[in-house]
Structures are given as structure tokens and as C-alpha cells.
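Engineer:
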Amino acid sequence: RKQIEEFVLTWEYQDRWVHYTQFIEREDRIHSYHYIYCVRWSIPTAKRPMPPVTASAFFTIKITKNKPPDM
Numbered sequence: 212r213k214q215i216e217e218f219v220l221t222w223e224y225q226d227r228w229v230h231y232t233q234f235i236e237r238e239d240r241i242h243s244y245h246y247i248y249c250v251r252w253s254i255p256t257a258k259r260p261m262p263p264v265t266a267s268a269f270f271t272i273k274i275t276k277n278k279p280p281d282m
């Protein structure tokens with residue numbers, strides 16, 4: 212999640228857009244684990260705190276079972 216947040220912060224977007232990152236699931240594959248995340252974007256206002264239109268970006272982080280993660 213931290214790596215995704217750091218990556219998203221490098222994007223150019225207007226200040227009125229807010230986002231949050233949500234963990235969706237972990238898939239156990241034969242040689243790896245896949246961690247699925249969704250970053251949801253919206254422009255909430257005082258009048259409409261739950262906006263009817265949002266944008267989503269999905270990310271998959273792949274962790275190989277056969278070797279330790281990079282340090």
C-alpha cells in the first residue's frame with residue numbers, strides 16, 4: 212500500500228481531487244502471491260459529500276514465493 216501511495220503522489224492532479232487506497236484481495240498463485248489494490252478518486256463537496264462520479268485505478272503487486280523480496 213505504501214508503494215502505491217508513493218507512486219500516486221507523483222501524478223499530476225488538481226487539489227480538489229481526493230483519493231484513498233483499498234486492499235481488495237490476496238491471490239495465492241503457484242509461484243507467487245498477487246496483492247490487488249484499488250485507488251479510488253472523487254471530488255467531494257459540502258453539497259455532495261458522496262459524489263455520483265468516481266474514478267478507479269487497480270494495481271497488482273506480485274511477490275514471488277521462490278526468492279526473498281528486495282531489501
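Mapped onto my numbering, the consecutive letters of the sequence shown carry residue numbers 212 to 282. Where a beta carbon is used, it is the ideal one built from N, C-alpha and C, also for glycine. In this text, all values refer to a predicted model and were calculated from it rather than measured experimentally.
1) Looking only at its chain, what residues have a beta carbon closer than 6 angstroms to the beta carbon of Thr-271, apart from the 5 residues adjacent to it on each side?
2) Please confirm whether Val-219 and Pro-255 have their CB atoms less than 8 angstroms apart.
3) Between which two residues does the beta strand (DSSP E) holding Val-250 run?
4) Taking the DSSP output, what are the residues bridged to Val-229?
5) Judging by CA-CA distance, which residue of Ala-268, Lys-273, Met-261, Trp-252 is the nearest neighbour of Gln-225?
Structural biologist: Put simply:
1) His-245, Ile-247
2) In this structure, Val-219 keeps its C-beta atom at 8 angstroms or more from the C-beta atom of Pro-255.
3) 243-253
4) Ser-253
5) Trp-252
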